[in-house]
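Everything in the sequence shown is counted per our numbering, starting at 1216 for the first residue and increasing by one. Glycine is no exception: its CB is placed at the ideal position from the N, C-alpha and C atoms. Report on the following structure.
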Amino acid sequence: MSTVGAKAIVVGVDGSNSSLDAVGWAARAAELRCIPLKLVSAYQVRALYTSFVALPSHIGSEEHAAAESILTSASLVARRSVENPNALTITTESIVGPTIQAMLDESSDASMMVVGSRGNGEYFAELLGSVSTAVAVQAQCPVVIVPGSVELHSARGSVVLGVDASAHNQAAVRLAFEEASLRRTGLLAVHVSTDEPVSSPEASAADRSDAIVFNGRTVLAESLAGWSEQYPDVAVERTVLRGNVVEKILEVSLRAQAVVVGSSGRSGFSGLLLGSTVRSLAHRVDCPLIVARG
1216 MSTVGAKAIV VGVDGSNSSL DAVGWAARAA ELRCIPLKLV SAYQVRALYT
1266 SFVALPSHIG SEEHAAAESI LTSASLVARR SVENPNALTI TTESIVGPTI
1316 QAMLDESSDA SMMVVGSRGN GEYFAELLGS VSTAVAVQAQ CPVVIVPGSV
1366 ELHSARGSVV LGVDASAHNQ AAVRLAFEEA SLRRTGLLAV HVSTDEPVSS
1416 PEASAADRSD AIVFNGRTVL AESLAGWSEQ YPDVAVERTV LRGNVVEKIL
1466 EVSLRAQAVV VGSSGRSGFS GLLLGSTVRS LAHRVDCPLI VARG
C-alpha cells in the first residue's frame, strides 16, 4: 500500500526510556497502517540574547545537536520495532520552542500523536508526563499515551472501548474497531454508569439494578450500531458496570492491548477525561491509552 500523501503518526521524543517506548509503539502502529512515522524533538535555547534582532548562529547549537542525537537514536529504535524496517518511512524534525505548543502544532497535520507517560525533562521545558496530559486534552487528532515497557507484538487481550451516552463517542468507537482489526483481536465495549436511573420511589434495589443494566445496554447498542458490519473480523463483547470510571477501566484493562476513550461528552468515560483523570489513567493503566478527539 502506498504512503504517498498519507498523514504521519507523530511521536514526541526527549531521549527518556518512556519516549523511546512510545517510539516503538508508534512505529509498529505506522507499519500496521502503512503510513509514515515522524519523530519530533522540541528544545529551548538556554542562553537568551534579548539585545539581538536575530540570535547569533552559534546560540542554541548545543541544544540542537542534542535534539538531533536524540532523534537519531529514536530512529534506530523505530527500525528495530517493526517487522519490515525497510518499508517504514521515517522523518525527523527538531523544533525550537515549548514542547506542548510544538506537539499541538504538529497535531494539526497528523493522523495520530504518540507520547510517553513520563519523561526526563532534560531537553524539554516540561516533563513529558505534563506534556501527555496537555496534548491529550488539546490536540487536533487522536493521542496515544504509552506506558513503559509495552509489548509491541503481544497478542494478549482485547482492545477495551469506553462507551458513553454522548453524541461525540463515534470517534472513539471507530478508533477502537480499527485498532482491534489491525491487531487481530477482539473488542470489549464497556459502559460505566455513574447515575441512578429515574424510577419509582417504591422500586426495589433489584429493579434499580435492572434499570441500570438496561440503560447501559441501550447505550452500547446505539453506539455500536453498524460497526460490526464494517469490521466483521472483530468479535465484540459488551458489558455494563457501575461505579468509579477510572477504577472500572483499570479493572477491565488488566489484560488489554489498548484502551480507547473519548475526549468529550457526558458521563461514562469521556466526560471525565480531563486534566488529572487523564494523568491518573495514563500512569496506572498497563497498556497504551488512546484518546479520541472530536
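In this structure, the alpha-carbon of Ile1360 lies about 12 Å from that of Val1476. Leu1390 is the residue among Ala1237, Leu1390 and Asn1232 whose C-alpha sits nearest the C-alpha of Arg1248. The closest CA to that of Arg1457, considering only Gln1472, Tyr1446, Gln1445 and Phe1429, is found on Phe1429.
Around Ala1245, the same chain offers Ile1224 and Leu1252 as residues with beta carbons nearer than 6 Å, after the five sequence neighbours per side are excluded. Around the CB of Asp1229, 16 or more other CB atoms lie within 10 Å, so the residue is classed as buried. When DSSP assignments are scanned along the region 1219–1300, the uninterrupted stretches of beta strand (DSSP E) that are 3 or more residues long and fall wholly within it turn out to be 1224–1227 and 1252–1258. DSSP places Glu1452 in no alpha helix (DSSP H) but in the uninterrupted beta strand (DSSP E) bounded by Val1451 to Arg1457.
A distance of 8 Å or more separates the beta carbons of Val1329 and Val1375. DSSP places Ala1471 outside any beta strand (DSSP E), giving it a letter other than H or E.
When beta bridges are read from the DSSP output, Thr1306 appears opposite Lys1253. The way I'd put it, the region 1226–1242 does touch the region 1290–1302; three or more beta-carbon pairs between them come closer than 8 Å. Where Val1407 is concerned, the enclosing beta strand (DSSP E) starts and stops at Leu1402 to Ser1408. With fewer than 16 other beta carbons inside 10 angstroms of its own, Gly1441 counts as exposed. A residue is called buried when at least 16 other Cβ atoms come within 10 angstroms of its Cβ; Arg1371 does not meet this threshold and is exposed. Scanning its chain for C-beta atoms nearer than 6 Å, with the 5 sequence neighbours on each side dropped, one finds around Gly1401 the residues Ser1373 and Ala1450, in chain order. The beta carbons of Tyr1258 and Ala1281 sit about 7 Å from each other, so the pair counts as a contact at 8 Å. If you ignore the 5 residues before and after Leu1286, its C-beta comes within less than 6 Å of the C-beta of Leu1254, Ser1256 and Thr1307, all in its own chain and listed in chain order. Gly1477 sits in coil when the DSSP states are folded into three classes, being neither helix nor strand. With fewer than 16 other Cβ atoms inside 10 Å of its own Cβ, Thr1433 counts as exposed. With respect to Val1455, Gly1431 sits close: the two C-beta atoms are nearer than 8 Å. Beta-bridge partners of Ile1360 (DSSP): Val1330 and Leu1504. The secondary-structure analysis by DSSP pairs Val1350 with nothing; it has no beta-bridge partner. Judged by DSSP secondary structure, Val1460 falls within the alpha helix (DSSP H) whose first and last residues are Val1460 to Val1467. Rounded to whole angstroms, the gap between the alpha carbons of Glu1366 and Asp1324 is 28 Å.
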